[in-house]
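In terms of the working numbering, the sequence shown opens at residue 2 and continues consecutively. Step one of this worksheet: look at the structure below.
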Amino acid sequence: MLLFHTVASLQSYLFEQKKLGKTIGFAPTMGALHQGHVSLITAAKKQNSIAVCSIFVNPTQFNDPKDLEKYPRTLVSDTLILEQAQCDVLFAPPVAEVYPPNLEVSNKFDFGALTQVMEGEFRPGHFDGMAQVVKRLLDIVQPHRLYMGQKDFQQFSIVQTMLILMKSEIELVVCPILREEDGLAMSSRNVRLTSENRANAPLIYKTLQKLGRTIKKQPLENAVSIAIAALKKIPNFRFEYLQIVHGETLQPVTDFNTSDYVVVCVAIWAGDVRLIDNEILKK
Ligand code: AMP
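Here you go:
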């Protein structure tokens, strides 16, 4: 695997490869890699000549400075994981490479109602920072395909919209959520869970699965109330939101039966670790 820290060195390599007709699949990450990230690299490898992974903990998408500070940074073990996944290129830039002082500030996109719900409501400014870094990384890497996880449902929906607004030809490939054996969605943040909170964390996905069953038999509000009550009962967890939304507009769904694409999204604090998960209930 080739490792690049600067934009210039990465681009000179990738542009040579493109001249040779090679295609590029790109998976942006913030590191502390797990098998969920590996699944993106594996998909990128399968569909392109070259798989590029970036590791960059983007300061502009953290609305909470403590969260940024506590975010795990494990470049040495990440490099081994990527080698094993047969990733071709790792781009691990310092902040000054991604945001040099002379960089023109990218146009802010108008995502309309997409950014006003769920993560947008609870993490003000998060999606502006996320869109800014994804746009910048796409400008740098200029891939053919972009690989993102369903785990961050709202994130990939916003990136899809951004690609449309940019009139970009980059194809967004969304990969399924990888879970631990007990159902907990894999996340870089899971390593920070206390053993007690880790033991209770699978209740999040269990609740979503149960909701998927009850929503077919009961009015939507009942099914949601039961799920929220179950989440609120988890010791030492602090419920943030659970919303049933349309998978494209991300706006609330009020009737399960008449909607064609239904997703449940959840955010909850396990001690001081914020966890998110989602499940497509109907598509
Ligand atoms: P992150 O490093 O958390 O910013 O995530 C980088 C990419 O990996 C994003 O596109 C995520 O949606 C994706 N990802 C994170 N967790 C998982 C998972 N459990 N399964 C699949 N993809 C994931």
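By construction, the Cβ of each residue, glycine as well, lies at the ideal position given by its N, Cα and C atoms.
Unbroken alpha helix (DSSP H) run spanning residue i, endpoints
i, result
"Ala271", "That residue, Ala271, is in no alpha helix (DSSP H); its beta strand (DSSP E) goes 263–271."
"Phe16", "8–20"
"Arg190", "Here Arg190 belongs to no alpha helix (DSSP H), and DSSP marks it neither H nor E."
"Ala224", "221–233"
"Tyr206", "203–215"
"Thr43", "36–48"
In DSSP terms, what residue i is bridged to
i, result
"His247", "Val263"
"Asn82", "According to the sequence displayed, residue 82 carries Ile and not Asn. Ile82 is not bridged to any residue."
"Tyr242", "Ala268"
"Cys88", "Paired residue(s): none; Cys88 is not in a bridge."
Extent of the continuous beta strand (DSSP E) run through residue i
i, result
"Arg275", "274–283"
"Val254", "Counting along the chain, Val254 falls outside any beta strand (DSSP E), and DSSP gives it neither H nor E."
Status (buried if at least 16 other CB within 10 Å, exposed otherwise) for residue i
i, result
"Glu70", "exposed"
"Ala224", "buried"
"Ser188", "buried"
"Pro29", "buried"
"Ser55", "buried"
"Gln36", "exposed"
"Glu98", "buried"
Any non-hydrogen atom of ligand 1 within 7 angstroms of residue i CB
i, result
"Met149", "yes"
"Gly37", "yes"
"Cys88", "no"
"Cys266", "no"
"Met187", "yes"
"Asp153", "yes"
"Leu76", "no"
"Met167", "no"
heavy atom of ligand 3 below 7 angstroms from residue i C-beta
i, result
"Ala28", "Of the ligands this structure carries, namely ligand 1, none is ligand 3."
(message) Could you check whether the segment 74–93 touches the segment 44–57, counting it as contact only if at least three pairs of C-beta atoms, one from each stretch, sit closer than 8 angstroms?
(response) yes
(message) Counting beta carbon pairs with one atom in the segment 91–107 and one in the segment 4–12, are three or more of them shorter than 8 angstroms?
(response) yes
(message) Could you check whether the segment 72–82 touches the segment 112–120, counting it as contact only if at least three pairs of C-beta atoms, one from each stretch, sit closer than 8 angstroms?
(response) no
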